[in-house]
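Chemist: First, the structure itself, so that you have it in front of you.
In the working numbering, the protein residues as written are 376 to 580.
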């Protein structure tokens, strides 16, 4: 009868087609809604909604040098026990790959227990960045004496901004937001260049 015919049509054609569409289309999610008249399905309404997913092509890509640095760092038992690929993916959106590689090389030398992989790696990267800034500052001092007061006056502001950014990045990483939301927040954080904007951003988290 017609009821049995629809049952098989739904199982063998409709559901399989919807499943296949959802595999192929990365932008939309497909489903359907049955409108019944008694036991009979009188109408089928197809629904298309946008997927809330991250485009795989936009995910951070890792070079051979970075992969080698990860492998080396994980040879350290303290690092391997707390290693998190998700945390590393997030950190890749925050820092240059060369600084991450240097940070991982520093972690390889670590010889005590680690509670948070993300926190310790970010700390090492920030140390490396600060060291680079100090070296640049010394080079400038050798080339130009004295350093202009206007440059000196901006250093505390920049330093405070980076410190606040680091604190907020920890908050985001430890938050209960989804991975997608945390990545979006980290991306927004990188684009902030003033304490005023940073405070506004912090209040929205």
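Virtual Cβ for every residue (Gly too), placed ideally from N, Cα, C.
Which whole runs of the alpha helix (DSSP H) in the stretch 476-506 are 4 residues long or more, in chain order?
Modeler: none
Chemist: Does the stretch 483-492 come close enough to the stretch 450-462 that 3 or more CB-CB pairs lie under 8 Å?
Modeler: The stretch 450-462 is in contact with the stretch 483-492.
Chemist: Decide yes or no for the touch test of the stretch 489-501 against the stretch 538-552: beta carbon pairs closer than 8 Å, at least 3 of them.
Modeler: yes
Chemist: Within its chain, find whatever has a CB closer than 6 Å to the CB of residue 416; leave out the 5 residues flanking it on each side and keep chain order.
Modeler: 381, 409
Chemist: In chain order, what residues of the same chain lie with their CB nearer than 7 Å to the CB of residue 433, ignoring the 5 residues before and after it?
Modeler: Any reading at residue 433 is ruled out, since the residue's pLDDT is 48, under 50, leaving its predicted position unreliable.
Chemist: Spatial neighbours of residue 570 within its chain, please: C-beta separation below 6 Å, excluding the five flanking residues on both sides.
Modeler: 536
Chemist: How close, in whole Å, do the beta carbons of residue 403 and residue 425 come, if the pair is a contact with beta carbons under 8 Å?
Modeler: 6 Å
Chemist: At the level of alpha carbons, what is the spacing between residue 561 and residue 401?
Modeler: 23 Å
Chemist: Where does residue 411 fall in DSSP's three states?
Modeler: strand
Chemist: Going by Cα to Cα distance, which pick from 477, 512, 517, 460 is closest to residue 499?
Modeler: 477
Chemist: Would you check if the distance between the CB atom of residue 407 and the CB atom of residue 421 is smaller than 8 Å?
Modeler: yes
Chemist: Compare the Cα-Cα distances from residue 469 to each of 516, 579, 518, 543 and report the closest residue.
Modeler: 543
Chemist: How long is the line joining the alpha carbons of residue 541 and residue 474, rounded to whole angstroms?
Modeler: 15 Å
Chemist: If we count the other Cβ atoms within 10 Å of its Cβ and call it buried at 16 or more, is residue 564 buried or exposed?
Modeler: buried
Chemist: With a CB to CB cut of under 7 Å and the five nearest residues on each side skipped, what residues in its chain are close to residue 461?
Modeler: Excluding residues within five positions, the ones whose Cβ falls inside 7 Å are 554.
Chemist: Check whether the Cβ atoms of residue 557 and residue 465 lie closer than 8 Å to each other.
Modeler: yes
Chemist: Using alpha carbons as the reference points, say which of 386, 496, 539 lies closest to residue 458.
Modeler: 496
Chemist: Between which two residues does the alpha helix (DSSP H) carrying residue 393 extend?
Modeler: 390-399
Chemist: Taking the alpha-carbon positions, what's the residue 503 to residue 580 distance?
Modeler: 28 Å
Chemist: For the alpha helix (DSSP H) that residue 457 lies in, which residues bound it at each end?
Modeler: Where residue 457 is concerned, there is no enclosing alpha helix (DSSP H), given that its DSSP letter is neither H nor E.
Chemist: What residue does the alpha helix (DSSP H) around residue 605 start on, and which one ends it?
Modeler: Residue 605 cannot be examined here, being either before or after the span of the chain that is shown, 376 to 580.
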